[in-house]
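S.K.: Dropping a structure here in structure tokens format, bear with me for questions.
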Amino acid sequence: MSLLDRSLGSLARDLPGATRIFHHYRLDFCCGGQTLLRDALAERGLDAAELLASLESLPAQHGDERNWGQAGTGELIDHILSRYHSVHREQLVELLRLARRVEAVHGDHPDCPAGLADHLDAMRQELESHMQKEEQILFPMLRRGLFDPARGPITVMRMEHDDHGQALARLLALTHNLTLPAEACNTWQALYAGIGELHTDLMQHIHLENNILFQPSQRQEVQHG
Numbered sequence: 102m103s104l105l106d107r108s109l110g111s112l113a114r115d116l117p118g119a120t121r122i123f124h125h126y127r128l129d130f131c132c133g134g135q136t137l138l139r140d141a142l143a144e145r146g147l148d149a150a151e152l153l154a155s156l157e158s159l160p161a162q163h164g165d166e167r168n169w170g171q172a173g174t175g176e177l178i179d180h181i182l183s184r185y186h187s188v189h190r191e192q193l194v195e196l197l198r199l200a201r202r203v204e205a206v207h208g209d210h211p212d213c214p215a216g217l218a219d220h221l222d223a224m225r226q227e228l229e230s231h232m233q234k235e236e237q238i239l240f241p242m243l244r245r246g247l248f249d250p251a252r253g254p255i256t257v258m259r260m261e262h263d264d265h266g267q268a269l270a271r272l273l274a275l276t277h278n279l280t281l282p283a284e285a286c287n288t289w290q291a292l293y294a295g296i297g298e299l300h301t302d303l304m305q306h307i308h309l310e311n312n313i314l315f316q317p318s319q320r321q322e323v324q325h326g
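The sequence shown begins at 102 in this note's numbering and counts up one residue at a time.
Pasting the structure below:
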């Protein structure tokens, strides 16, 4: 099957390093993971040959990158908890502090991201609620191999992932795609750099769950507790 006829989610899952390319081209492989690469490129008006060349070179370029599709359920959950849940909690607290500072000091600037702090605070609350439900309900079920009983909670988590995707899009809109004014202070620069990191991390987090953890038939299941 041509890479063009595969979904973004399957490519992100099966080709270590593909997510880096998709981030570069701003292709939504997490919430929009079911979209075929061909359709995603057409929608964005992107050069298929250039992107395909990048994807086809991945095994040589990134052979040492971990393929989480080959991890066991327990190992993958542990990775998600340490690499994303813990990190998101730290990221959002600091970003909220920076955003409040920028809006307070530069509120009169035409490029000031008015409303960004409120949006980040709403994201923090929604993401915290989401992560707690995973930590307290869904992940323990998956660790015990109770995939069928977990289908209901998984459906809810997927819907909330879609909401997170919309929240990320709103972040980019509020910051004009993270475009800084020429005279931006260090705090403003740190804020946008941090938002860029959050955007990348949250998309990768959603990808690992939507396209790998929630689809055990699509990966090699090796239990690690």
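Built from N, CA and C at the ideal position, the CB exists for glycine as well.
For the candidate residues Asp140, Gln233, Ala223 and Leu269, whose alpha-carbon lies nearest to that of Gln305?
M.R.: Leu269
S.K.: According to DSSP, is Ser108 helix, strand or coil?
M.R.: strand
S.K.: Could you tell me if Asp129 is buried or exposed, where buried requires 16 or more neighbouring beta carbons within 10 angstroms of its beta carbon?
M.R.: buried
S.K.: Pick out whichever of Leu273, Arg107 and Ser158 has its Cα sitting closest to the Cα of His300.
M.R.: Among Leu273, Arg107 and Ser158, the Cα nearest to that of His300 belongs to Leu273.
S.K.: Hey, how far is the Cα of Leu138 from the Cα of Ile313?
M.R.: Going from the Cα of Leu138 to the Cα of Ile313 covers about 18 Å.
S.K.: Quick check: Met258 and His231, are their CB atoms within less than 9 Å of each other?
M.R.: Their beta carbons are under 9 Å apart, which means Met258 touches His231 by this criterion.
S.K.: State the start and end residues of the unbroken alpha helix (DSSP H) segment that holds Ser187.
M.R.: Ser187 to Val206
S.K.: Report the start-end ranges of each alpha helix (DSSP H) in the segment 210-278 that is 4 residues or longer and not cut off at the edges.
M.R.: 217-234, 240-244 and 252-275
S.K.: Relative to the alpha-carbon of Arg184, which residue among Trp169, Ser111, Ala291 and Glu227 has its alpha-carbon at the smallest distance?
M.R.: Trp169
S.K.: Taking 7 Å as the limit between beta carbons, can you name the residues of its chain near Gly297, skipping five residues before and five after?
M.R.: Leu279
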